[in-house]
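Here is the structure we will look at.
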Amino acid sequence: MTIKSDRWIRKMADEYGLIEPFEPGQVREIDGKRVISYGTSSYGYDIRCARQFKIFTNINSAMVDPKEFDDSSFVDFEGDLCIIPPNSFALARTVEYFRIPRNILTICLGKSTYARCGIIVNVTPFEPEWEGYVTLEFSNTTPLPARIYANEGVAQVVFFESDEECETSYRDRGGKYQGQKGVTLPRA
């Protein structure tokens, strides 16, 4: 396996539609205002969070069960700034839509700006031939409310290329999160 560079990411975005919309450089400022950076980095791509959020609440005292998830445990919110309650979490989706080639696997890691505030960004790997908007999970590990900024960088995707194609891709096995459009809750 080899890690892919900024040149490869730009080429794949142009030729394959790897990431849409695609930012070929690092954006650190918009209209003279500082933002948490996003776009192409040396060996990865910093993704953004869209404006749609699902904020976890315990108002219904529901059991958290990945096989029978109760969607009434979330409050839907849309805005440029999401506030996550203490010791809770929120789901969101990326601004970017991904199309992963058959010989590529990605790992996604939260940006240090959020990690240093006690906010953990969790995303599973993007498997070969998976495509869609990425569902992001933001865990607020602090005893204080935490802010998440829409349309700014939240995590970095690192692309790994195998020296051989996989036998069975995510698309081949009909993965349950293939082509997801919005914030997608657990599916059993």
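Under the working numbering, the first residue of the sequence shown carries the number 742, and numbering increases by one thereafter. Where a beta carbon is used, it is the ideal one built from N, C-alpha and C, also for glycine.
Rounded to whole angstroms, residue 846 and residue 902 show a C-alpha spacing of 7 Å. In this structure, residue 887 lies away from residue 907, with their beta-carbon atoms at least 8 Å apart. A contact is defined here as three or more CB-CB pairs under 8 Å, and the region 862–882 meets this definition with respect to the region 834–844. Contact between the region 793–800 and the region 747–757 is absent, with fewer than three C-beta pairs closer than 8 Å. In this model, residue 848 and residue 774 are separated by some 30 Å (Cα to Cα). Counting only runs that start and end inside the region 742–827, the alpha helix (DSSP H) elements of at least 4 residues fall at 747–757. A distance below 8 Å separates the beta carbons of residue 790 and residue 895. The Cβ atoms of residue 759 and residue 839 lie closer than 8 Å to each other.
A straight-line Cα-Cα distance of about 6 Å links residue 745 and residue 784.
Nearest neighbour of residue 867 by Cα position, chosen from 757, 900 and 924, turns out to be 900. Leaving aside the five residues that flank residue 803 on each side, the residues in its chain whose CB is nearer than 8 Å to its CB run, in chain order, 811, 813 and 814. In the three-state reduction of the DSSP assignment, residue 880 falls in the strand class. Taking each of 860, 821 and 786 in turn and checking the Cα distance to residue 883, the smallest one comes out for 860. Where residue 833 is concerned, the enclosing beta strand (DSSP E) starts and stops at 830–840.
Within the same chain, and ignoring the five residues on either side of residue 782 in sequence, the residues whose Cβ sits closer than 8 Å to its Cβ are 747, 767 and 897. Rounded to whole angstroms, residue 879 and residue 905 show a C-alpha spacing of 34 Å.
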